[in-house]
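Note sheet for the following structure.
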Amino acid sequence: MLHVKNYRKAYHGRIILEVPELQLQPGIHWIRGVNGAGKSTFFRSVAGMLPFEGEIWLNDTWEVKRDPVAFRLRVNYAEAEPLYPEYLSAFDLISFVAKAKKAPAGQVDALVETLEIASFWKQPVGTYSSGMLKKTSLILGFLGNPTLIMLDEPLITIDDRAVANVCQLIDQYHQNGVQFLLSSHQDFRLTDLKMDSSYIIRNQTLEEIHLS
2 MLHVKNYRKA YHGRIILEVP ELQLQPGIHW IRGVNGAGKS TFFRSVAGML
52 PFEGEIWLND TWEVKRDPVA FRLRVNYAEA EPLYPEYLSA FDLISFVAKA
102 KKAPAGQVDA LVETLEIASF WKQPVGTYSS GMLKKTSLIL GFLGNPTLIM
152 LDEPLITIDD RAVANVCQLI DQYHQNGVQF LLSSHQDFRL TDLKMDSSYI
202 IRNQTLEEIH LS
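Residue numbers (my numbering): 2 to 213.
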């Protein structure tokens, strides 16, 4: 379970997002909002990448600022538009994160096969298309034994086959007890994924909306 208490993020005195209280039970949760609404800011806060006011708890046991190492081991984040050093390869990035996340044996090979990156993953990322970069980011998001995976715009810049494979991975991990936070402009109702809840960011806060 993800538990957010008195979350507040501001830049230069301007409030970006305030979430007084949010409890997300295990499941797949969809967060929507226009560009600049604060979706990525919220995800990066939960991932421990941005400072903020308030508390963010995982399973009421680990708090992102109090227990940063244990929290980050259990929380994965795949960015919407990833930027990596151009001289590194997907192989370098995945190998590093797999070690840090204590990925089980065979997991890397399975993800490389599922998202079909074997043909380029040892080339420097400076040569990658946006779709190749996205697949690399997504693989990083699934490494290890996470409790929570956050995928920011997971369906952009990849083809229909890759979209189907990503949705299959989400469903597979979810069946094994992993919680998901997904952000997307695209409608997840057009996929086979079943959302447990949906939120929209407006007026600098999160509002739950009911899916029809």
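Here a beta-carbon is modelled for each residue, glycine too, at the ideal position from N, C-alpha and C.
**Study point:** Candidates Arg75, Ala111, Thr137, Gly49, of which the one nearest Gln92 by Cα
**Key:** Here the question's residue 92 lines up with position 91 in the sequence shown. Residue identity check: residue 92 is Phe in the sequence provided, not Gln. Of Arg75, Ala111, Thr137, Gly49, the residue nearest in Cα terms is Thr137.
Check your understanding: Would you report the Cα separation of Ser120 and Ile157, rounded to the nearest angstrom?
Key -> Numbered from 1 along the sequence shown, position 119 holds the residue referred to as residue 120. Numbered from 1 along the sequence shown, position 156 holds the residue referred to as residue 157. C-alpha separation (whole angstroms): 21 Å.
Exercise for review: Please name the residue in Ile140, Thr148, Tyr78 whose C-alpha comes closest to that of Ser184.
Suggested key: As a working mapping, residue 184 is identified with position 183 in the sequence shown. The option with the nearest alpha carbon to Ser184 is Tyr78.
Check your understanding: Leu112 lies in the alpha helix (DSSP H); which residues open and close that run?
Key -> Looking up residue 112 in the sequence shown gives position 111. That run of the alpha helix (DSSP H) goes 108-115.
**Study point:** In DSSP terms, what Ile157 is bridged to
**Key:** The sequence position of residue 157 within the sequence shown is 156, counting from 1. Paired residues: none, contrary to the question.
Check your understanding: From the DSSP output, which residues share a beta bridge with Pro52?
Key -> For the purposes of this step, residue 52 is taken as residue 51 along the sequence shown, with counting starting at 1. For Pro52, which the question treats as bridged, DSSP gives no partner whatsoever.
Exercise for review: Going by CA-CA distance only, name the one from Ile150, Lys100, Tyr88, Glu54 that's closest to Trp122.
Suggested key: Numbered from 1 along the sequence shown, position 121 holds the residue referred to as residue 122. Among Ile150, Lys100, Tyr88, Glu54, the Cα nearest to that of Trp122 is on Tyr88.
Review point. According to DSSP, which residues form a beta bridge with Phe181?
Key: Here residue 181 corresponds to residue number 180 of the sequence shown, with the count starting at 1. Phe181 pairs with Ile29, Ile150.
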